[in-house]
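Here is the structure we will look at.
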Ligand SMILES: [Zn+2]
Ligand SMILES: [Zn+2]
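Residue numbers (my numbering): 5 to 134.
The structure is reproduced here in structure tokens:
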């Protein structure tokens, strides 16, 4: 286990930042709103289709602005202010940098993750981010 931890930490510290998938590396959001898919609003029942579970920064941003609050049925999208369009909005996913730490790099070491990592190495013989 000791060796695994060390190996994992080495690997984790050397993960390059990945291109932000929200803004495609641009650092800002332009065009159709990624949160409401250009609809300007969404109901709390349907999570915006463009939000994947892996999009942690976007999900936490949405929670922060109350997108999933219980007391609203239909929500004006507060990211685009109901316009469905974003014009030079600083990307929240990467804080305008265009790159962000990978999930793995951002997360503190965790036994379960190390187990997965070890399994993953065994099975794939190589690294990939997703
Ligand atoms: Zn929107
Ligand atoms: Zn971004």
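No residue lacks a Cβ here, since even glycine has one placed at the ideal position from N, Cα and C.
Predicted model, so just to flag it, every value in this text is computed and none were measured.
Please classify residue i as buried or exposed, where buried requires at least 16 other C-beta atoms within 10 Å of its C-beta.
i	result
residue 35	exposed
residue 120	exposed
residue 53	Confidence at residue 53 is low in this model, with a pLDDT of 49, below 50, so its placement is unreliable and no value can be given for it.
residue 10	exposed
Considering only residues of the same chain and omitting the five flanking positions on each side of residue i, which have a CB-CB separation below 6 angstroms?
i	result
residue 84	37, 90
residue 29	23, 102
Figure out for me which residue from the options has the closest Cα to the Cα of residue i.
i	options	result
residue 80	11, 42, 9, 32	42
residue 46	88, 10, 21	88
Please list, in chain order, all residues of the same chain as residue i whose beta carbon is under 8 angstroms from its beta carbon, the five residues on each side excluded.
i	result
residue 26	33, 38, 59, 61, 62, 95, 96, 97, 98
residue 40	46, 52, 81, 83, 84, 88
residue 136	No statement about residue 136 is possible, as the shown extent of the chain runs from 5 to 134 and does not include it.
Among the residues of its own chain, which have a CB less than 7 angstroms from the CB of residue i, if the five just before and after it don't count?
i	result
residue 126	none
residue 100	31, 32, 94
residue 1	Nothing can be reported for residue 1, as the shown portion of the chain is limited to 5 through 134.
For chain D, check one thing: does any of its Cβ atoms lie closer than 7 angstroms to the Cβ of residue i?
i	result
residue 14	Absent from the structure is chain D; it holds one protein chain and no more.
query: How would the residue list near ligand 2 read, in chain order, if you kept each one whose beta-carbon is closer than 5 angstroms to any heavy atom?
result: 24, 26, 27, 95, 97, 98
Environment of ligand 1 in chain order, Cβ to heavy atom below 5 angstroms: 37, 39, 40, 81, 83, 84
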